[in-house]
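A.B. asks: I have a structure I would like to understand better, so I am pasting it below and will then ask my questions one at a time.
Protein chains: 2
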Amino acid sequence: MTLSPDTPRLAFADLADALEALRQRGLRVTTPRRLVLEALFAAEVPVSAEHIAQNVNLELTSVYRNLETLEHHGLARHVHLGHGPGLYVLIGRGEREFLSCERCGAVRSLTTEQLDPIRDRVRELYGYEARFSHFPIVGLCPDCAQRREAAS
Amino acid sequence: MTLSPDTPRLAFADLADALEALRQRGLRVTTPRRLVLEALFAAEVPVSAEHIAQNVNLELTSVYRNLETLEHHGLARHVHLGHGPGLYVLIGRGEREFLSCERCGAVRSLTTEQLDPIRDRVRELYGYEARFSHFPIVGLCPDCAQRREAAS
DNA sequence: CGCGCTATTGGGAGTGCCTTGCATTAGTGG
DNA sequence: CCACTAATGCAAGGCACTCCCAATAGCGCG
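Going down the list, the sequences are from chains A and B. First residue of the first sequence: 1, per my numbering; consecutive thereafter. First residue of the second sequence: 1001, per my numbering; consecutive thereafter.
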């Protein structure tokens, strides 16, 4: 699957690249590893370990272990969108951040730069270095916010 | 606007007040209930159910159930500060919000108004109604941010 | 290509944080 | 002080991982 031309350049353009990177780091390219990576490449939204395990028919344990090593080697990361399991995404295809709706579960994807003004404001007001990449902002999406306002 | 009977605003200054409010709502004032409430009044930071259970020597189950009913009746709420158990706080004594440090666990307490500029910015940029009250902003406190910068 | 070294795997058990079910206990209004 | 039923204690269950270990299978080497 080719990347759209406007997608930022990245370290791991495709599966083969990523696998090569792993091999170079002394990691073995096993079938489960490859399948997990494939699942991440195929996903357009963050996915749970459970989801991957079901899809590619792997032991959940193995999926978690692979996600962990992918994270450790900078190929993937996970976010906590409210309650529920952690969700995993590939790194390197243009960094994404997320806003999630507590009510309907909608996930809005943003570029890192889009959240910079928020991070800047938090830093400037409270000195905290907000890292929404791991614990994103949770709230109500425009639709749910409106619906709730109408109901009151 | 009209007061919805199932979401009344409870105002209570102390334990006796809170217990009276519960009684008025048809809830029984039992020893475990009173102990959980006392623990919340005593805590100056958000506390876990486990913490309460240990302190007042109650069944964890009972603590969870009581926290749930206190939440349901608007006397308490909980926040998720990064990983780890949910942490409970009383409401009605001046609303607090939190900023937590992913590295050292430090929790900075703020008034709701202090976070309003951030919420406003999120709304104005993305239309999301950020609700940091349930999933607060997680990041690095000034100390940890500096330490990390120095290390790089 | 075969061999050996060891990273990785499957599967099972364990942990943390709750949630549910149920028989028993104890607040409360009458 | 009685009856009614909310609330409790205890046991079990559930979700999201995390750990352990014997068996397997990549990978470098000859």
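Glycine included, each C-beta is placed from N, C-alpha and C at the ideal position.
With distances taken Cα to Cα, identify the nearest neighbour of A:Tyr64 among A:Gly82, A:Leu87, A:Ala42.
C.D. replies: Indexing the first sequence from 1 puts residue 64 of chain A at position 64. Ranking the options by Cα distance to A:Tyr64, first place goes to A:Leu87.
A.B. asks: Taking the DSSP output, what are the residues bridged to B:Tyr1088?
C.D. replies: Taking the first residue of the second sequence as 1, we reach residue 1088 of chain B at position 88. Partner(s): B:Val1047, B:His1078.
A.B. asks: Kindly indicate if chain A contains any beta-carbon less than 9 Å away from that of B:Ala1013.
C.D. replies: Position 13 of the second sequence, counted from the first residue, corresponds to residue 1013 of chain B. Cβ-Cβ to chain A under 9 Å: no for B:Ala1013.
A.B. asks: Rank B:Ala1018, B:Pro1046, B:Ser1100, B:Glu1059 by C-alpha distance to the C-alpha of B:Arg1077 and give the top, closest one.
C.D. replies: Locating residue 1077 of chain B in the second sequence gives position 77, where the first residue counts as 1. The residue with the shortest Cα to Cα distance from B:Arg1077 is B:Pro1046.
A.B. asks: Quick one, are the C-beta atoms of B:Val1079 and B:Phe1135 less than 9 Å apart?
C.D. replies: The residue given as residue 1079 of chain B occupies position 79 in the second sequence. The residue given as residue 1135 of chain B occupies position 135 in the second sequence. For B:Val1079 and B:Phe1135, yes; Cβs fall inside 9 Å.
A.B. asks: Taking any Cβ of chain A, which residues in the segment 1122 to 1142 of chain B have a Cβ under 9 Å from it, in chain order?
C.D. replies: Against chain A - using a Cβ distance shorter than 9 Å - the residues of the segment 1122 to 1142 of chain B are Val1122, Arg1123, Leu1125, Tyr1126, Gly1127, Tyr1128, Glu1129, Ala1130, Arg1131, Phe1132, His1134, Phe1135, Pro1136, Ile1137, Val1138, Gly1139, Leu1140, Cys1141, Pro1142.
A.B. asks: With distances taken Cα to Cα, identify the nearest neighbour of B:His1073 among B:Ala1145, B:Ser1152, B:Arg1023.
C.D. replies: As a working mapping, residue 1073 of chain B is identified with position 73 in the second sequence. It is B:Arg1023.
A.B. asks: With a threshold of 16 other CB atoms inside 10 Å of the CB of A:Glu97, please say whether the residue is buried or exposed.
C.D. replies: As a first step, residue 97 of chain A must be located in the first sequence, where it is residue number 97. Its Cβ being crowded by 16 or more others within 10 Å, A:Glu97 is buried.
A.B. asks: Identify, in the order they occur along the chain, each residue of the same chain with its Cβ nearer than 8 Å to the Cβ of A:Glu38, setting aside the five sequence neighbours on each side.
C.D. replies: Position 38 of the first sequence holds residue 38 of chain A. Excluding positions up to five away in sequence, the list reads Leu15, Val56.
A.B. asks: Kindly indicate the opening and closing residues of the beta strand (DSSP E) around A:Cys141.
C.D. replies: Against the first sequence, residue 141 of chain A aligns to sequence position 141. Taken as a continuous stretch (DSSP letters only), A:Cys141 belongs to no beta strand (DSSP E), as it is neither H nor E.
A.B. asks: Which first and last residues belong to the alpha helix (DSSP H) in which B:Glu1071 is found?
C.D. replies: To locate residue 1071 of chain B, count along the second sequence from 1; it is residue 71. 1060 to 1072 is the span of the alpha helix (DSSP H), which, as asked, contains B:Glu1071.
A.B. asks: Any idea if A:Val89 is buried or exposed, counting beta-carbon neighbours within 10 angstroms, 16 or more meaning buried?
C.D. replies: As a position in the first sequence, residue 89 of chain A is number 89, starting the count at 1. Classification for A:Val89: buried.
A.B. asks: Establish whether the CB of A:Pro32 and some CB of chain B are separated by less than 9 Å.
C.D. replies: As a working note, residue 32 of chain A is residue 32 in the first sequence. With 9 Å as the cut-off, A:Pro32 does not count as an interface residue toward chain B.
A.B. asks: So for A:Glu102, helix, strand or coil by DSSP?
C.D. replies: As a first step, residue 102 of chain A is located in the first sequence; it is residue number 102 there, counting from the start. Coil.
A.B. asks: Taking C-alpha atoms, which residue in A:Leu70, A:Val138, A:Cys144 lies nearest to A:Cys104?
C.D. replies: For the purposes of this step, residue 104 of chain A is identified with residue 104 of the first sequence, where counting begins at 1. Minimum Cα distance to A:Cys104 is reached at A:Cys144.
A.B. asks: Kindly list, in the order they appear in chain A, the residues whose Cβ is closer than 7 Å to that of B:Gly1082.
C.D. replies: Walking along the second sequence from the start, residue 1082 of chain B turns up at place 82. Those within 7 Å of B:Gly1082 in chain A are Phe135.
A.B. asks: Select from B:Gly1082, B:Glu1071, B:Asn1066 the residue whose C-alpha is nearest the C-alpha of B:Leu1035.
C.D. replies: Within the second sequence, residue 1035 of chain B is the residue found at index 35, counting from 1. For B:Leu1035, the nearest C-alpha among the options comes from B:Asn1066.
A.B. asks: For B:Val1153, tell me which candidate among B:Arg1121, B:Leu1140, B:Glu1020, B:Glu1129 has the shortest Cα-Cα distance.
C.D. replies: Residue 1153 of chain B is absent from the structure shown; chain B starts at 1001 and stops at 1152.
A.B. asks: Which residue wins for smallest C-alpha separation from A:Ser101, given the options A:Arg28, A:Leu81, A:Ala13?
C.D. replies: The count along the first sequence starts at 1 and reaches residue 101 of chain A at position 101. Looking at the sequence provided, one finds Cys at residue 101 of chain A rather than Ser. Minimum Cα distance to A:Cys101 is reached at A:Leu81.
A.B. asks: State the Cα-Cα distance for the pair A:Ser133 and A:His51, rounded to the nearest angstrom.
C.D. replies: Locating residue 133 of chain A in the first sequence gives position 133, counting from the first residue. Locating residue 51 of chain A in the first sequence gives position 51, counting from the first residue. One C-alpha to the other measures close to 21 Å.
A.B. asks: Using Cβ-Cβ distances below 8 Å, what residues of the segment 92 to 116 of chain A are close to chain B?
C.D. replies: Here the close residues are Leu99, Cys101, Glu102, Arg108, Leu110, Gln114.
A.B. asks: A:Glu59 and A:Ala53: beta carbons closer than 9 Å?
C.D. replies: Translated into the one-based positions of the first sequence, residue 59 of chain A becomes position 59. Translated into the one-based positions of the first sequence, residue 53 of chain A becomes position 53. Yes.
A.B. asks: Return the chain-ordered list of same chain residues with a C-beta closer than 7 Å to the C-beta of A:Leu115, the five sequence neighbours on each side being excluded.
C.D. replies: Working through the first sequence from its first residue, we reach residue 115 of chain A at position 115. So the list reads Glu97, Phe132, once near-sequence residues are dropped.
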